[in-house]
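J.: Take a look at this one; I'll ask things after.
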Amino acid sequence: MTVLLRYDGTFDGFLSCIFEVYDRKLANFSIVRMQHYHPSLLCEAIDIGTDPTKAARVWSGLHKHLSRTKCHEIYKSFLSELPQIEQVLSDFIRHAFASKGKIENDIGHPAVLAVSQIAHKVHREKHRMEAFVRFQRTKDGLYFASIIPDFNVLPLIVSHFRDRYADQDWLIFDRKRKYGAQYDCKSRKVSEVLIDLADEAQGEFLPAHLVHDEEIEYQKLWKGYFHSVNIGSRKNQKLHVRHVPTRYWRYLTEKREW
Amino acid sequence: MNWDRVREKLEILADAAKYDVSCSSSGSKRSNKTKGIGNTTASGICHTYTEDGRCVSLLKILLTNYCIYDCLYCVSRRSNDIKRAAFTVQEVVDLTIHFYRRNYIEGLFLSSGIFKNADFTMERLVRVARKLRTEHNFNGYIHIKTIPGCTDDLMRDAAQYADRVSVNIEMPTESSLRKFAPEKNHNDIVRPMGFLSEQISAVSNERKLSPALPAFAPAGQSTQMVVGASPENDFDIMRVADSLYRKFSLKRVYYSGYVPISRDNRLPQIGTPVPLIRENRLYQADWLMRFYHFSIDEIIDPSRPNLDLDIDPKLAWALRNPHAFPIDVNTAAYEQILRVPGVGVSSALKIVKARKFRRLGWDELKRFGISFNKAKHFIVCDRMDTFPRDVDPIVLRHTLAGQSKYAINDVQQLPLFA
């Protein structure tokens, strides 16, 4: 009978499940997030508590079998939050633990290829967020941006913004997952914020009375710049949309309608 | 700030700078050690794309579009009746910083029309870069277009603050430059390239021993050639590019399809389409030389001096050399796999890595993201026997040209209201 391992949806929780798989020598199992769980007559369900020690053991075990880059890819693909991600990752991890050599280049293997492809997709969105996030300067000097990424990429982009904008206070907020990363330039620390945004801050752009006096002018300058650098006789809308998919347009100041 | 005036200047001076194709922000690793503003990433970031599909990574503007020169191919030429404007040094600095803080850009690409003389103009460009670096603690990307004819000292100063410096060669040959830009001097363009390339390699050698030395144009130098304004064929252009890469170790040569902007009858007339496909083929050929181990004479030679517009240059080479195929992906050397049409650098790397673990068949290859419909005619793998492929170069050329993104689609050609 298949054993269903339920966990809290965190990465450590997932790694704790992997620990249990080996500890209990499970062959037929399936790992599922609490919120995705549906009772079934054919399966026995067990709740796996998140245990940082067990998670750390699995994580360091993985580092013995895989390079750091590949381990980071495991984390990245986990952040995709795809429904089948636990399956893909546990197949991959079992293949890694079962093999003597390093298997990360064995992309002829379905799980190895899947992990590298999913990680690639997540990475692409991470890169896009680094490009498409647009800060608005608020009245009190905070640089604020809110995003709704397909994947949970906020943890991946924090270090980029921390390194780059070291001398300004900023906040990037994920409206879909309702949490944000806030940087304080005095202490140079990033902290996680769990808040409910005020109704008027729910859109991509903050209303005029919340932003700095010069903010709207700079937004208009940028939009004007964007239109001036276009060469009409080379217009290529298909290419434009391939690079800037329409679902990201809502973040972009240059696409803002006034 | 007078916002309306700044907005107007920005529109004029961005419009005048847009024919410079480079917008690359890659190749430099300037970290934000000073905990000021900005850093550069090795891969660069495109913050948006224009509606013509080009990357917008930098605030690309001219300091001024006033110019003492009258180069035929240039919008800012003296005799052209257009609106003129000039930024002050401080205005450029402010725009850069405020755009950067909002994450609109990776940095600044500053070029200029030439007012008074080369040194006078260049000195101002350097001042912008110096101010950004020293007063504003700015560690983002700066690309400075060197003004031909300025002194070595100014060039050296520019390269000290900038990540990349460039001199545009503009016309592929000296004779075209004489014809289209009679007041400019070929030597004034080529000499600074030589100077910069010597300095860049000297400083980078010194920095290997003492990394604390200040960087000198860490992202190297690049240049740009206008294609389609002058009579040179692709062979001429590629020969120039090839020698620039070899002589001056340029990071990039950009090819800019001429956008008609002048009524002068020595140039393609306004309304003539921009040679986009030709430009694309030149870039493909350029990539073959830089990343695919092709030599220039394998791609092009005087007997067929222009690249095939219907098919890409790698496919063209493969069709001229049917004896080199098929290639067995399970055994062939990496360099050979690179030569298979439809297989790029990253797929070739995947293939050589993955085949160490298991023999590769069609299914694996398809999943690796190669351009399978093209590649299948040139490779064999495990289950070769079951796969029909065209081997006749003429038939194959016809089949594959029909799959090109540039192939004219018959359906689209039908009039809407027939």
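As given, the protein sequences belong to chains A and B, one line each in that order.
With the numbering used here applied, the first sequence corresponds to residues 2 to 259, in that order.
With the numbering used here applied, the second sequence corresponds to residues 645 to 1062, in that order.
Glycine included, C-beta positions come from ideal geometry on N, C-alpha and C.
Does residue 19 of chain A get closer than 7 Å to chain B when you measure Cβ to Cβ?
T.: Not a single CB atom of chain B sits nearer than 7 Å to the CB of residue 19 of chain A.
J.: Could you check the C-alpha separation between residue 747 of chain B and residue 807 of chain B for me, to the nearest Å?
T.: 19 Å
J.: Quick one: what does DSSP say residue 171 of chain A is sitting in, helix, strand or coil?
T.: strand
J.: Does the beta carbon of residue 226 of chain A sit closer than 7 Å to a beta carbon anywhere in chain B?
T.: Yes, residue 226 of chain A lies at the interface with chain B (some Cβ there is under 7 Å from its Cβ).
J.: Helix, strand or coil, according to DSSP, for residue 265 of chain A in the structure here?
T.: This structure does not reach residue 265 of chain A, given that chain A is present from 2 up to 259, and the question cannot be answered.
J.: Establish whether the CB of residue 777 of chain B and some CB of chain A are separated by less than 7 Å.
T.: It does not: the Cβ of residue 777 of chain B has no partner Cβ on chain A nearer than 7 Å.
J.: Please return the same chain residues whose Cβ sits closer than 6 Å to the Cβ of residue 766 of chain B, not counting the five positions on each side in sequence.
T.: 791, 794, 798
J.: I want to verify the contact list: residues of chain A whose CB lies under 9 Å from the CB of residue 787 of chain B, in sequence order.
T.: Near residue 787 of chain B there are no residues of chain A at all, since even the closest Cβ is about 15 Å away, more than 9 Å.
J.: Which residue marks the beginning of the beta strand (DSSP E) containing residue 132 of chain A, and which one marks its end?
T.: Run containing residue 132 of chain A: none in the beta strand (DSSP E); it sits in the alpha helix (DSSP H), 111-133.
J.: Thinking just about the alpha-carbon of each residue, which of B/879, B/757, B/893 is nearest to the one in residue 711 of chain B?
T.: B/757
J.: Could you tell me which of A/61, A/33, A/151, A/237 sits nearest to residue 127 of chain A, measuring between CA atoms?
T.: A/151
J.: For a contact defined as C-beta to C-beta under 8 Å, what are the partners of residue 924 of chain B on chain A?
T.: The contacting residues do not exist; residue 924 of chain B stays about 11 Å from chain A at best.
J.: So what's residue 589 of chain B in DSSP terms, helix, strand or just coil?
T.: Residue coverage of chain B in this structure runs from 645 to 1062, which leaves residue 589 of chain B outside it and unanswerable.
J.: Secondary structure at residue 14 of chain A, three-state DSSP: helix, strand or coil?
T.: Three-state DSSP puts residue 14 of chain A in a helix.
J.: Please determine whether the Cβ atom of residue 224 of chain A lies at a distance below 6 Å from any heavy atom of the ligand NAP.
T.: The ligand NAP is absent from the structure shown, which contains no ligand whatsoever.
J.: Only counting the same chain, and skipping five residues up and downstream in sequence, which positions put a Cβ closer than 8 Å to that of residue 87 of chain A?
T.: 15, 18, 31, 32, 33, 34
J.: Does the pairing of the region 715-722 of chain B with the region 762-778 of chain B give three or more beta-carbon distances under 8 Å?
T.: no
J.: Rounded to the nearest angstrom, what separates residue 1059 of chain B and residue 664 of chain B at their Cα positions?
T.: Annotation note: pLDDT 44 at residue 1059 of chain B (below 50); position unreliable, coordinate value reported separately. About 37 Å.
J.: So, does the region 131-141 of chain A touch the region 180-199 of chain A, judging by three or more C-beta pairs under 8 Å?
T.: Segment contact: the region 131-141 of chain A against the region 180-199 of chain A, fewer than three CB-CB distances shorter than 8 Å; contact not assigned.
J.: Within a Cβ cutoff of 6 Å, which residues of the same chain sit near residue 654 of chain B, ignoring the five residues on either side of it in sequence?
T.: none
J.: Quick one: Cα of residue 782 of chain B to Cα of residue 740 of chain B, how far?
T.: 10 Å
J.: Taking the alpha helix (DSSP H) that residue 62 of chain A falls in, what are its first and last residues?
T.: 53-66
J.: Using the Cα positions of residue 822 of chain B and residue 828 of chain B, report the straight-line distance between them to the nearest angstrom.
T.: 7 Å
J.: Do the CB positions of residue 939 of chain B and residue 894 of chain B come within less than 7 Å of each other?
T.: no
J.: For residue 1055 of chain B, does the count of other Cβ atoms within 10 angstroms reach 16, so buried, or fall short, so exposed?
T.: Unreliable positioning characterises residue 1055 of chain B in this predicted model, as indicated by a pLDDT of 42, which lies under 50. The coordinate reading is nonetheless provided below. Residue 1055 of chain B is exposed by the Cβ-count criterion.
J.: Output the distance between the C-alpha atoms of residue 943 of chain B and residue 60 of chain A, rounded to the nearest integer angstrom.
T.: 50 Å
J.: Quick check: is the beta carbon of residue 1056 of chain B nearer than 7 Å to any beta carbon in chain A?
T.: At residue 1056 of chain B the pLDDT is 43, less than 50, meaning the model places this residue with poor confidence and gives no usable figure here.
J.: Going by DSSP, what residue range makes up the alpha helix (DSSP H) through residue 706 of chain B?
T.: Taken as a continuous stretch (DSSP letters only), residue 706 of chain B belongs to no alpha helix (DSSP H), being part of the beta strand (DSSP E) at 702-706.
J.: I believe residue 918 of chain B touches residue 229 of chain A by the beta-carbon criterion, under 8 Å. Please report the beta-carbon distance rounded to the nearest angstrom.
T.: With 8 Å as the limit, residue 918 of chain B and residue 229 of chain A do not qualify as a contact, their Cβ atoms being about 18 Å apart.
J.: If you draw a straight line from the C-alpha of residue 953 of chain B to the C-alpha of residue 831 of chain B, how long is it?
T.: Residue 953 of chain B and residue 831 of chain B have their C-alpha atoms some 33 Å from each other.
J.: Ignore the nearest five residues each way along the sequence and tell me which others in residue 645 of chain B's own chain have a CB closer than 7 Å to its CB.
T.: none
J.: Given that residue 153 of chain A touches chain B, what residues does it touch there, using C-beta distances under 7 Å?
T.: Chain B residues near residue 153 of chain A: none, gap ~20 Å exceeds 7 Å.
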